[in-house]
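J.:
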Ligand code: ME8
């Protein structure tokens with residue numbers, strides 16, 4: 005036991021039928037920022053991501069490539085694993101549903117559900133969409149212009165008739181509604197909670213949880229003709245990774261229930277309805293919260309392989325820089341809403357906010373200190389009301405930023421930081437330290453110290469979003485690596501006058517359009 009409070013956060017595990025794109029990067033980024041924030045705030049964090057490797061969709065993709073499913077999933081899972089490193093994601097574990105630990109957990113959960121009579125054998129006849137790996141009722145389908153039936157997501161459906169095990173989902177409607185009532189934070193944002201509640205209020209059918217017509221999955225214990233429905237298999241990853249079926253000791257005991265499952269709005273029903281029902285049926289605790297974020301489009305268009313407009317996160321990082329992309333994705337759109345990626349919006353944020361507002365501020369202040377204060381933290385004299393007002397704003401940031409992060413309002417957390425960045429820019433203009441250099445060098449030192457101390461607060465608090473850039477900023481302020489967590493905020497961790505500082509260097513470059521470069 006670490007003595008620190010636990011915090012367990014998960015991303016969806018991504019299908020390996022495709023290469024990672026901006027949408028996957030977005031979800032994992034949001035979790036990364038939460039995880040980094042919580043670590044700096046003193047929590048014992050477990051941050052999980054991984055890949056969903058079973059099911060008909062993956063089997064078909066492997067066949068299309070002429071590969072056996074295991075070789076295919078090994079290859080594609082690697083792309084997601086590598087993306088985590090390329091985007092500086094700090095996940096503590098990477099789960100693959102083809103791992104032994106996961107087969108063990110799924111089969112143990114299945115046995116438990118059988119033991120409690122929550123699963124029974126029947127036969128299924130109905131519509132299935134391979135793209136969504138989901139069953140649909142006749143009343144949910146629409147007919148496309150080609151006369152073919154489609155799921156609400158637009159995916160093609162096929163008629164399926166086969167023997168199947170069923171989970172008694174119908175009997176969990178009331179306990180689920182009770183859960184949503186008792187714990188209003190369980191599903192977020194609120195609009196999504198209402199959607200989920202009205203879906204459940206409409207009544208739930210028992211859920212088919214095994215398939216017999218293909219074989220790429222986890223065998224049902226004691227009945228090898230069946231493999232488990234890929235969503236039962238996939239959702240179980242969240243407890244596999246904390247050591248289920250061992251529940252008394254280890255990470256399950258310390259970290260379950262998960263504090264947050266972060267998902268896109270497309271898969272909310274699986275996480276907010278099926279998953280808590282499976283868990284409650286097995287006598288396990290449901291997670292504490294499920295947040296469904298919005299959908300990214302590209303220059304106003306739906307992102308899809310067939311439209312050829314998939315945004316590759318590696319290309320973005322190459323064009324704009326890693327921290328710039330991380331910042332943009334969480335700043336541009338209120339988290340929860342849909343967002344549109346456009347080059348113009350990206351450049352506006354990166355040049356206007358990172359390069360101008362924050363980058364220039366740090367660069368101006370640090371170069372004045374380097375030139376006029378002997379390259380060391382200046383010695384402050386008596387503070388004026390304006391100095392104390394600015395310092396008060398910076399030192400008071402943590403509660404507001406923490407409250408926003410706890411609600412996954414990343415845009416609000418960043419806005420709170422920018423209120424201080426803008427105040428610091430206004431302060432520097434009013435105080436004009438460059439003019440004080442000749443008239444009142446002691447006052448100049450005080451002004452530069454107050455600014456450096458303000459920048460330190462912004463840099464410490466922005467670490468989760470732009471970790472590399474914030475680290476360089478803190479290096480330039482001479483902040484030791486063990487004084488960068490949130491206990492160093494406030495007066496106690498203040499910069500020490502006289503401490504030597506390295507030569508300042510620009511941190512946030514401006515984006516220059518390639519054609520105007522020459
Ligand atoms: O659904 N905008 O995997 P998946 C925002 N394996 N987010 C997007 C996005 C977009 N345009 N496109 C994808 C699965 N996402 C299952 C999950 S979990 C037990 C099993 C993100 O590869 C978003 O988080 O289709 C969405 O929920 C997820 O990728 C779907 O990933």
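In my numbering, the protein residues as written are 5 to 522. All C-beta atoms, glycine included, are put in the ideal place defined by N, C-alpha and C. Keep in mind the model is a prediction, meaning the values are calculated, not measured.
(1) What residues are listed by DSSP as bridge partners for residue 168?
(2) When burial is assigned at 16 or more other CB atoms within 10 Å of the CB, is residue 147 buried or exposed?
(3) Any contact between the stretch 329-337 and the stretch 404-411? By contact I mean 3 or more CB pairs, one from each, below 8 Å.
(4) Can you check whether the C-beta of residue 129 is within less than 8 Å of a C-beta belonging to chain B?
(5) I'd like the span of the beta strand (DSSP E) that includes residue 230, first residue to last.
(6) Should residue 238 be counted as a contact of the ligand ME8 given a C-beta to heavy atom distance under 7 Å?
(7) For residue 235, collect the residues of the same chain with a Cβ closer than 7 Å to its Cβ; drop the 5 residues on either side in sequence, then sort them by chain order.
(8) Below 8 Å on the Cβ atoms is my contact criterion, and I expect residue 210 with residue 171 to pass it. Report the Cβ-Cβ distance as a whole number of Å.
(9) State buried or exposed for residue 518, treating a residue as buried only when at least 16 other CB atoms are found within 10 Å of its CB.
(10) Have a look at residue 265 and residue 98 and give me their C-alpha separation to the nearest angstrom.
(11) Is residue 268 close to the ligand ME8? I mean its beta-carbon at under 7 Å from any heavy atom of the ligand.
(12) Can you give me the Cβ contacts of residue 255 inside the same chain, cut-off strictly under 7 Å, excluding the 5 residues immediately before and after it?
(13) What span of residues does the beta strand (DSSP E) with residue 307 cover, start to end?
(14) Could you check what DSSP says for residue 489 in three-state terms: helix, strand or coil?
(15) Quick one: what does DSSP say residue 158 is sitting in, helix, strand or coil?
(16) For the alpha helix (DSSP H) that contains residue 410, what are its first and last residues?
(17) For residue 32, report the span of its beta strand (DSSP E) as first-last.
(18) Classify residue 438 as buried or exposed, calling it buried when 16 or more other Cβ atoms lie within 10 Å of its own Cβ.
(19) I'd like to confirm something about residue 501: is its beta-carbon nearer than 7 Å to some heavy atom of the ligand ME8, or not?
(20) Is residue 27 near the ligand ME8, with its Cβ less than 7 Å from a heavy atom?
(21) By a C-beta neighbour count over all protein chains shown, 10 Å radius and 16 as the cutoff for buried, is residue 423 buried or exposed?
(22) Please work out which residues of its chain come closer than 8 Å, Cβ to Cβ, to residue 33, disregarding the five sequence neighbours upstream and downstream, and give them in chain order.
(23) Does the ligand ME8 have a heavy atom nearer than 7 Å to the CB of residue 114?
(24) Using a Cβ-Cβ cut-off of 6 Å (strictly less than) and excluding sequence neighbours within five positions of residue 341, which residues of its own chain qualify?
(25) Just the Cα atoms here: how many angstroms apart are residue 6 and residue 47?
(26) Note down, in chain order, each residue of its chain lying with its Cβ closer than 6 Å to the Cβ of residue 201, except the 5 sequence neighbours on either side.
(27) Measuring CA to CA, which of 208, 11 and 186 is closest to residue 173?
(28) Measure the alpha-carbon distance for residue 478 versus residue 141 and round it to whole angstroms.
(29) Using the Cβ count rule (16 or more neighbours within 10 Å means buried), how would you classify residue 11?
(30) Quick one: is residue 392 buried, meaning 16 or more other Cβ sit within 10 Å of its Cβ, or exposed?
(31) Is there contact between the stretch 158-171 and the stretch 103-110, where contact requires at least three CB pairs shorter than 8 Å?
(32) List the DSSP bridge partners of residue 54.
(33) Confirm, please, whether the CB-CB distance from residue 457 to residue 402 is below 8 Å.
(34) Take residue 259 and list the residues in its own chain whose beta-carbon comes closer than 6 Å to its own, dropping the five residues that flank it on each side.
T.: On the basis of the data shown:
(1) Position 164 of the chain shown, counted from the start, is the residue given in the question as residue 168. The partner list for residue 168 (beta bridge, DSSP) reads 126.
(2) Residue numbering aside, residue 147 sits at position 143 when the chain shown is read from its first letter. A residue is called buried when at least 16 other Cβ atoms come within 10 angstroms of its Cβ; residue 147 does not meet this threshold and is exposed.
(3) Contact between the stretch 329-337 and the stretch 404-411 is absent, because fewer than three Cβ pairs lie under 8 Å.
(4) Included in the structure is just one protein chain, with no chain B present.
(5) Taking the first residue of the chain shown as 1, we reach residue 230 at position 226. Taken as a continuous stretch (DSSP letters only), the beta strand (DSSP E) holding residue 230 covers 227-232.
(6) Residue numbering aside, residue 238 sits at position 234 when the chain shown is read from its first letter. Yes, Cβ of residue 238 sits closer than 7 Å to a heavy atom of the ligand ME8.
(7) Against the chain shown, residue 235 aligns to sequence position 231. For residue 235, same chain residues with a beta-carbon under 7 Å away, outside a window of 5 residues either side, are 137, 274 and 278 in chain order.
(8) In the chain shown, residue 210 corresponds to position 206, counting from 1. In the chain shown, residue 171 corresponds to position 167, counting from 1. Yes, they are in contact, since the Cβ atoms of residue 210 and residue 171 sit about 6 Å apart, within 8 Å.
(9) To locate residue 518, count along the chain shown from 1; it is residue 514. Classification for residue 518: exposed.
(10) As a working note, residue 265 is residue 261 in the chain shown. As a working note, residue 98 is residue 94 in the chain shown. Just so you know, the alpha carbons of residue 265 and residue 98 end up roughly 15 Å apart.
(11) In the chain shown, counting from the first residue as 1, residue 268 sits at position 264. Relative to the ligand ME8, residue 268 has its C-beta within less than 7 Å of a heavy atom.
(12) Taking the first residue of the chain shown as position 1, residue 255 is located at position 251. Once the five neighbours on either side are set aside, the close Cβ partners of residue 255 are 50, 246 and 247.
(13) Reading the chain shown from its first residue, position 303 is the one you call residue 307. Careful: residue 307 lies outside any beta strand (DSSP E) and carries neither H nor E.
(14) As a position in the chain shown, residue 489 is number 485, starting the count at 1. Note: residue 489 maps to coil in three-state DSSP.
(15) Mapped onto the chain shown, residue 158 falls at position 154. Looking at residue 158 - three-state DSSP - the assignment turns out to be coil, as it is neither helix nor strand.
(16) Numbered from 1 along the chain shown, position 406 holds the residue referred to as residue 410. Judged by DSSP secondary structure, residue 410 falls within the alpha helix (DSSP H) whose first and last residues are 401-410.
(17) Here residue 32 refers to the residue found at position 28 when the chain shown is read from its first residue. Taken as a continuous stretch (DSSP letters only), residue 32 belongs to no beta strand (DSSP E), being part of the alpha helix (DSSP H) at 26-44.
(18) The residue you call residue 438 lines up with position 434 of the chain shown. It is exposed - the Cβ of residue 438 has fewer than 16 other Cβ atoms within 10 Å.
(19) Taking the chain shown and counting its residues from 1, the one referred to as residue 501 is at position 497. Residue 501 Cβ: outside cutoff for every heavy atom of the ligand ME8.
(20) Position 23 of the chain shown, counted from the first residue, corresponds to residue 27. Indeed, a heavy atom of the ligand ME8 lies less than 7 Å from the Cβ.
(21) Along the chain shown, read from residue 1 onward, the residue named residue 423 stands at position 419. Flag for residue 423 reads exposed.
(22) Taking the first residue of the chain shown as 1, we reach residue 33 at position 29. Here the set comprises 91, 93, 330, 333 and 334.
(23) As a position in the chain shown, residue 114 is number 110, starting the count at 1. False, no ligand heavy atom lies under 7 Å from that Cβ.
(24) As a first step, residue 341 must be located in the chain shown, where it is residue number 337. Only 298 meet the Cβ criterion.
(25) One-based indexing of the chain shown puts residue 6 at position 2. One-based indexing of the chain shown puts residue 47 at position 43. If you take the alpha carbons of residue 6 and residue 47, they lie about 9 Å apart.
(26) As a working note, residue 201 is residue 197 in the chain shown. For residue 201, the CB contacts under 6 Å within the same chain, skipping 5 residues up- and downstream, are 184 in chain order.
(27) Taking the first residue of the chain shown as 1, we reach residue 173 at position 169. Ranking the options by Cα distance to residue 173, first place goes to 208.
(28) Mapped onto the chain shown, residue 478 falls at position 474. Mapped onto the chain shown, residue 141 falls at position 137. A straight line joining the alpha-carbon of residue 478 with that of residue 141 spans about 56 Å.
(29) For the purposes of this step, residue 11 is taken as the residue at position 7 of the chain shown. Buried, by the Cβ-count rule.
(30) Counting from one through the chain shown, the residue named residue 392 turns up at place 388. Result: exposed.
(31) No, they do not touch.
(32) By one-based count along the chain shown, residue 54 stands at place 50. Looking at the DSSP output, residue 54 bridges to 17 and 99.
(33) Numbered from its first residue, the chain shown carries residue 402 at position 398. Numbered from its first residue, the chain shown carries residue 457 at position 453. It is not a contact, given that the beta carbons lie outside the stated cut-off.
(34) The count along the chain shown starts at 1 and reaches residue 259 at position 255. Around residue 259: 10, 12, 50 and 246.
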